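Engineer: When you line the sequence shown up against full-length UniProt numbering, it's residues 1 to 214, in that order.
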Amino acid sequence: MKNKKDPLKRNPHIATTQTHIFFHGGPLSNWHPSTPRFPGHRALTLCLPDLDALGIPHPSPNAAVTRLIRSWSFTCGEQWMMAMKGWLFEEIPGLDSGVDICDEEFEAVRAVAPRVQKALGRAAEGFREDVWEYASEVIVTAGCVARAEVDSALREVYLASAGRKFVEGSVRDRVWGVGLRWDSVEIQDEANWKGKNRLGRCHDEAARVVRLSS
1 MKNKKDPLKR
11 NPHIATTQTH
21 IFFHGGPLSN
31 WHPSTPRFPG
41 HRALTLCLPD
51 LDALGIPHPS
61 PNAAVTRLIR
71 SWSFTCGEQW
81 MMAMKGWLFE
91 EIPGLDSGVD
101 ICDEEFEAVR
111 AVAPRVQKAL
121 GRAAEGFRED
131 VWEYASEVIV
141 TAGCVARAEV
151 DSALREVYLA
161 SAGRKFVEGS
171 VRDRVWGVGL
181 RWDSVEIQDE
191 ANWKGKNRLG
201 RCHDEAARVV
211 RLSS
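Dropping the structure here:
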């Protein structure tokens with residue numbers, strides 16, 4: 001009965017120790033469908049102050065593209081991240097006029113398939129890796145918090161985390177994950193990690209915010 005009540009132990013995509021929560025897929029995945037969808041206006045409200053604190057330039061709150069993001073509901077964290085990547089780096093004439101915006105510029109927001117959104121986000125013409133390295137964690141963390149506020153499965157995992165460190169165990173991803181299987185013995189020792197664990201750090205901060213507000 002205990003395992004049925006513990007959202008960490010009952011989830012087949014999660015393994016835990018006293019200090020870490022290892023995952024691949026499931027509610028902690030950035031691809032996991034949000035049920036219901038989470039509101040763009042809430043995620044923007046969460047991330048704009050942090051982007052400003054880091055001195056990262058971005059479209060104004062009244063820009064057409066900002067209003068578009070704010071008005072949308074997102075199907076998953078990946079859709080939110082790719083839409084925000086386009087929002088941050090696209091150079092659109094008359095961006096702050098609030099009048100005209102081409103559908104193609106923000107097809108990432110309108111697309112249904114998350115993998116299509118990812119390809120479009122990669123194509124952002126003004127992309128700068130040095131800026132994205134810092135902005136991406138702020139953006140993804142805000143999306144995680146906004147999703148947890150409407151998605152009970154993710155919120156339960158956050159509340160049960162008890163301050164443990166989240167770790168994405170993806171063999172192929174050494175930026176958002178650690179380059180090791182989530183259920184391997186090797187992943188339990190941080191000295192073996194081969195990646196930055198960026199998504200894990202986003203979950204760490206999002207879980208902290210959710211626990212403080214609960």
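Beta carbons are placed, not taken as given, at the ideal position from N, Cα and C, and that holds for glycine. Given the structure is predicted, the values throughout are model-derived calculations rather than measurements.
1. Let me confirm a value: D151 is counted as buried when at least 16 other C-beta atoms fall within 10 Å, else exposed. Which label applies?
2. Report yes if the C-beta of E156 is less than 8 Å from at least one heavy atom of the ligand HEM; otherwise report no.
3. Do A146 and T46 come within 9 Å of each other at the CB atom, strictly closer than that value?
4. May I ask you to report which of helix, strand or coil DSSP gives H58?
5. Please go through the same chain and pick out, in chain order, the residues whose beta-carbon is closer than 6 Å to the beta-carbon of G143, but skip the five residues on each side of it.
6. Looking at D130 and F166, is the spacing between their C-beta atoms short of 9 Å?
7. By DSSP, does P7 sit in helix, in strand, or in coil?
8. On the three-state DSSP scale, how would you describe H13?
9. Taking only three categories from DSSP, how would you classify H20?
10. Could you give the distance in angstroms between the alpha-carbon of P7 and the alpha-carbon of L159?
11. The beta strand (DSSP E) that contains E168, what's its start and end?
12. Using the Cβ count rule (16 or more neighbours within 10 Å means buried), how would you classify K5?
13. Taking Cβ to Cβ, would you say R181 is nearer than 9 Å to G169?
14. Looking only at its chain, what residues have a beta carbon closer than 7 Å to the beta carbon of I187, apart from the 5 residues adjacent to it on each side?
15. With respect to the alpha helix (DSSP H) encompassing F89, which residues constitute its N-terminal and C-terminal limits?
16. In three-state DSSP terms, what is V112?
17. From the DSSP output, which residues share a beta bridge with P39?
18. Taking the beta carbon of V65 as the centre, do at least 16 other beta carbons fall within 10 Å, making it buried, or is it exposed?
19. Alpha carbons only, please: which of S214, E137 and T17 is nearest the one belonging to N30?
Structural biologist: This is what the structure gives:
1. buried
2. No copy of the ligand HEM occurs in the structure displayed, which carries no ligand at all.
3. Per the sequence shown, the amino acid found at residue 46 is Leu instead of Thr. Closer than 9 Å, so yes.
4. coil
5. A43, G77 and W80
6. no
7. coil
8. coil
9. strand
10. 9 Å
11. K165 to E168
12. exposed
13. yes
14. F22, V167, G169, V178, L180 and R181
15. G77 to F89
16. Caution is warranted here: a pLDDT of 44 is assigned to V112, below 50, making its placement in the model unreliable, and the coordinate value is therefore given only provisionally. Residue state, collapsed to three classes: coil.
17. S73
18. buried
19. E137
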